[in-house]
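The block underneath contains the structure these notes are about, expressed in structure tokens.
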Amino acid sequence: MRTTMKLITALLLSCVFAVPTFAEIAGSSHDLSDGGAGLTGQICSYCHTPHNAKEFGIDNGAGSDSYPLWSMNEIADDTGYTSYSSPTFDGDDNTAVDPLAGPSRLCMSCHDGTIAIDNAVVANSTNLMTGQRVLGTDLSNDHPVGFVYADSVTLDGEIQDVDQPLGPSGGTIGDYLYEGIMTCASCHDVHAGEVSNFLLMNNGESALCLACHIK
1270 MRTTMKLITA LLLSCVFAVP TFAEIAGSSH DLSDGGAGLT GQICSYCHTP HNAKEFGIDN
1330 GAGSDSYPLW SMNEIADDTG YTSYSSPTFD GDDNTAVDPL AGPSRLCMSC HDGTIAIDNA
1390 VVANSTNLMT GQRVLGTDLS NDHPVGFVYA DSVTLDGEIQ DVDQPLGPSG GTIGDYLYEG
1450 IMTCASCHDV HAGEVSNFLL MNNGESALCL ACHIK
């Protein structure tokens, strides 16, 4: 009897601690349960599937850990994407290794506005990206991703080292890089719907920007 009560208590506690994470997605822009995707009441299933997850044979910096039970039949590759470039980006010395390295590839599977149409494994998806949410394949006017962060530290005296604190969890910049590469997830947490634009932290007074940029 005592063992049974311990198990019940542990289960209830796990449910209590699971609720806040779920609540961050519910009602956010990433809650597609009632957005024409045919997943009424299913918040997670548009992006993730517990069974029949897709595996993609892309060997260009996107490891298997980038595909968390992914539910999309197609995924973006770096073909046809234009990377960011400008005189302040130190030219050819700091070009993108792969503009869609790591989790950026998953983000662009929807946000390029072309791949996500009727693409989800478990739903009849529609083109849900509209307005500024559609980034397209020209990333030259967006914050650079896909480059080795440490190279920027060496080339630019106004970039913080990877051990600089970042985010409310006590982590560092290095903790939010993918194998040392800057990605969309270096600034955004797709599950943090309570923060504007799914940023890792509130960007009031440019707090997130200044975590990396010395200005």
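Quick note, the sequence shown lines up with residues 1270 to 1484 if you use the working numbering.
Don't be surprised by glycine CBs; every beta carbon is placed ideally from N, CA and C.
Keep in mind it's a predicted model, so treat the numbers as computed, not measured.
- Residue Leu-1338 holds the alpha-carbon nearest to the alpha-carbon of Pro-1372 among Ser-1355, Ile-1483, Leu-1338, His-1482.
- Its chain contains Glu-1427, Ile-1428, Gln-1429 as the residues whose beta carbon lies nearer than 8 angstroms to that of His-1482, once the 5 sequence neighbours on both sides are disregarded; these appear in chain order.
- Put simply, of Thr-1357, Thr-1351, Phe-1358 the residue whose alpha carbon is nearest the alpha carbon of Pro-1368 is Thr-1351.
- Excluding sequence positions up to five before and after Ile-1384, its CB lies within less than 7 angstroms of the CB of Glu-1343, Ala-1345, Ser-1378, all in the same chain and listed in chain order.
- Apart from the 5 residues on each side of it in sequence, Leu-1477 sits with its Cβ closer than 7 angstroms to the Cβ of Cys-1456, Leu-1468, Leu-1469, Met-1470 in its chain, given in chain order.
- A distance of 8 angstroms or more separates the beta carbons of Ala-1461 and Gly-1415.
- Unbroken alpha helix (DSSP H) runs of no fewer than 4 residues, entirely contained in the segment 1408-1438, are found at 1418-1424, following chain order.
- Assigned with DSSP and collapsed to three states, Met-1470 falls in coil, not helix or strand.
- Within its own chain, the residues whose Cβ lies closer than 8 angstroms to the Cβ of Glu-1293, once the five positions on either side in sequence are excluded, are His-1460, Ala-1461, Gly-1462, Glu-1463, listed in chain order.
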